[in-house]
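Residue numbers (our numbering), protein chains in the order written: chain A, 8 to 325; chain B, -9 to 263. Every residue gets a Cβ at the ideal spot worked out from N, C-alpha and C, and that includes glycine.
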């Protein structure tokens, strides 16, 4: 890595600090902006007075707002996300327990999406305006438009309930039984990945069309290079760079989509944790999940930025 | 622009679907006489019949009636949320791009902070703050799409500000506000139209998603997401209750996406070369 890259990335990291600060304010507000008394919202109005006072002290609600925020931020910085009101255990432990399932689901979905999207997008661009292109584009449009909560249900109906090929719901750890784990993973991962597959296919096609129209492609062709070489070695390689930036955005979409996919397939990840937290009014847990996800998304975006600079030498100069 | 839009067959299909859902949402009560919340325990989970063209659900409610009333809810929430995002996002973006400096910095950092959250998760958090219901769902979706609108508007304003016609307007002694509103903002319209139609598609998905999770529209109000959620328990015996709302939402979202694609092609001729 050259000094230019390091300076650029250093600048990006510094730039992320005010954003992280603002993000923490948003997450903080989730508990403290609840209209009325948050204690009522969490415990119900007929909770005992002593329990109410105890929770008030635990959450620091008896202190001025700025002090509550500073105290909360200080604890968060040390990895203390508070305690779950229902489970009576630290929020951090709950998240650490559920996060692997979500990461398995999202990375599998991304893998499936990329394995579909790249070939489909490249072929559609090369065979532009043919039946193949049309099919790929209609498929991609359907992928983007069919919400996961319906495609998931339909996949269960077809592959689990009707054909009986795969389990309908549930999660098995990879370490417990790899085969069962993979069988449980397929339907949720396809459900979550289909939206990403659709949008990435469209982007890859658009990018490829742009590259295929450039002068260097004409030069390569006129040199007598075979079409396959022109497409793969030249056009595709140059299309890959912009495609990488999409991954950051897609990660955010995937982890948001995981909330719904986990609910459909009874997948015990942090999305399910968040939904249950809302239903149970377990605000510290909701806060913890949203903060963790926002940090993850920021981290992935910074990594993608770094990757982008490493891949594209032109950016190192400017 | 309209001419180019008319030449795109896909955009026309999109426009037709969008128009159809909006029309169904608007005039639903005139054509479907069945009550969407009336239960009939003598006809539970029945398939399509003369009395119930799309069958009945687990409470014997007419699926078709719930579907068309659901269209009203979905289109209504989408429209208000998208309008809200434009109403708040456009001024923020315009001010940010035109004023520049510290104002720009502060406003855009705030927008970036909101953009860092996955849309659905942010909506989830906001609904948790405001309490479940259609109003808070609409507000939450509006807030979620505000930063995108603001960023887009700022981008166009930044690109137009150094142009000669803007300098000329300044040289003529026109005031900042007038230059911004009269000369610069019209250039944002096409980009915002595309964004708005894609946002509309996404807003419908989020509304249905929140209702599906049980924290959006409360029962028994007919919402497509809620219908799908309830249908899950019965889908092995009565698949029609899960298929009808799914087709409806997918079709509506497809329509807005097609329209967005068509608008983009029509408004940005560089892409269609």
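Proximity to residue 229(B) across 34(A), 142(A), 160(A) and 18(A) peaks at 160(A), based on C-alpha coordinates. The beta-bridge partner set that DSSP reports for residue 90(A) consists of 97(A).
Residue pairing by DSSP places residue 184(A) opposite no residue, since no beta bridge is assigned to it. In this structure, residue 153(A) places its C-beta atom within 9 Å of the C-beta atom of residue 202(A).
Counting only runs that start and end inside the stretch 55 to 124 of chain B, the alpha helix (DSSP H) elements of at least 4 residues fall at 91 to 105 and 109 to 120. Taking a contact as a CB-CB distance under 8 Å, the pair residue 116(A) and residue 200(A) counts as one, their CB atoms being some 4 Å apart. In the structure shown, residue 136(B) falls within a helical segment according to DSSP collapsed to helix, strand and coil. Taking 3 residues as the shortest admissible run, the stretch 269 to 306 of chain A contains no complete beta strand (DSSP E) segment at all.
With 16 or more neighbouring CB atoms inside 10 Å of its own CB, residue 233(B) falls in the buried class. For residue 30(B), there is no enclosing alpha helix (DSSP H), as DSSP marks it with neither H nor E. Contact between residue 149(B) and residue 86(B) does not hold, since their C-beta atoms are separated by about 13 Å, which reaches or exceeds 8 Å.
Neighbours of residue 291(A) in chain B, taken as residues at a C-beta separation under 8 Å, are lacking, since the least C-beta distance is about 12 Å. By a beta-carbon distance limit of 8 Å, residue 271(A) contacts residue 198(A). Their separation comes to about 7 Å. Between residue 319(A) and residue 192(A), the alpha-carbon positions lie close to 35 Å from each other. For residue 248(B) against residue 13(B), the beta-carbon gap comes to about 17 Å, at or over 8 Å, which does not count as contact. The continuous alpha helix (DSSP H) containing residue 254(B) extends over residues 230 to 257. Per DSSP, residue 50(B) is not a residue of any alpha helix (DSSP H), being assigned neither H nor E.
Distance check between residue 190(B) and each of 10(B), 243(B) and 88(B) places 243(B) closest, using alpha-carbon atoms only. Non-local beta-carbon contacts of residue 138(B) in its own chain, meaning distances under 8 Å to residues more than five positions away in sequence, involve 75, 79, 105, 185 and 189 in chain order. Neighbours of residue 205(B) in chain A, taken as residues whose beta carbon is under 8 Å from its own, are 282, 285 and 286 in chain order. With a contact defined as Cβ atoms closer than 8 Å, residue 199(B) and residue 129(B) miss out at about 16 Å.
Here residue 84(B) is not near residue 32(B), since their CB atoms are 9 Å or more apart.
For the stretch 238 to 272 of chain A, the set of residues with a beta-carbon nearer than 8 Å to any beta-carbon of chain B comprises 259, 260, 262, 263, 264, 266, 267, 270 and 271, in chain order. Under the 9 Å criterion on CB atoms, residue 94(A) is classed as non-interfacial with respect to chain B. With a 10 Å radius around the Cβ and a threshold of 16 neighbouring Cβ atoms, residue 40(B) comes out exposed.
Contact annotation: in the stretch 221 to 241 of chain B, residues whose CB is within less than 7 Å of a CB in chain A are 222, 225, 226, 229, 232, 236, 239 and 240.
Think of a sphere of 7 Å around the beta carbon of residue 78(B): no beta carbon from chain A falls inside it, the nearest being about 16 Å out. Here residue 26(A) carries a helix assignment [DSSP, helix/strand/coil]. With respect to the 9 Å criterion, residue 76(A) and residue 39(A) are classified as neighbours on the basis of their beta carbons. The residue among 233(A), 224(A), 218(A) and 290(A) with its C-alpha nearest the C-alpha of residue 37(A) is 290(A). Each of 228(A), 58(A), 213(A) and 107(A) was checked against the Cα of residue 255(B), and the nearest Cα belongs to 213(A). Within chain A, no C-beta atom comes nearer than 9 Å to that of residue 137(B); the closest sits roughly 11 Å away.
Given a length threshold of 3 residues, the stretch 155 to 179 of chain B has no whole run of the beta strand (DSSP E) inside it. Contact check between the stretch 115 to 122 of chain B and the stretch 58 to 75 of chain B: fewer than three CB pairs, one atom from each, fall below 8 Å, which does not count as touching. Assigned with DSSP and collapsed to three states, residue 205(B) falls in coil, not helix or strand. Each of 31(A), 94(A) and 66(A) was checked against the Cα of residue 46(A), and the nearest Cα belongs to 66(A).
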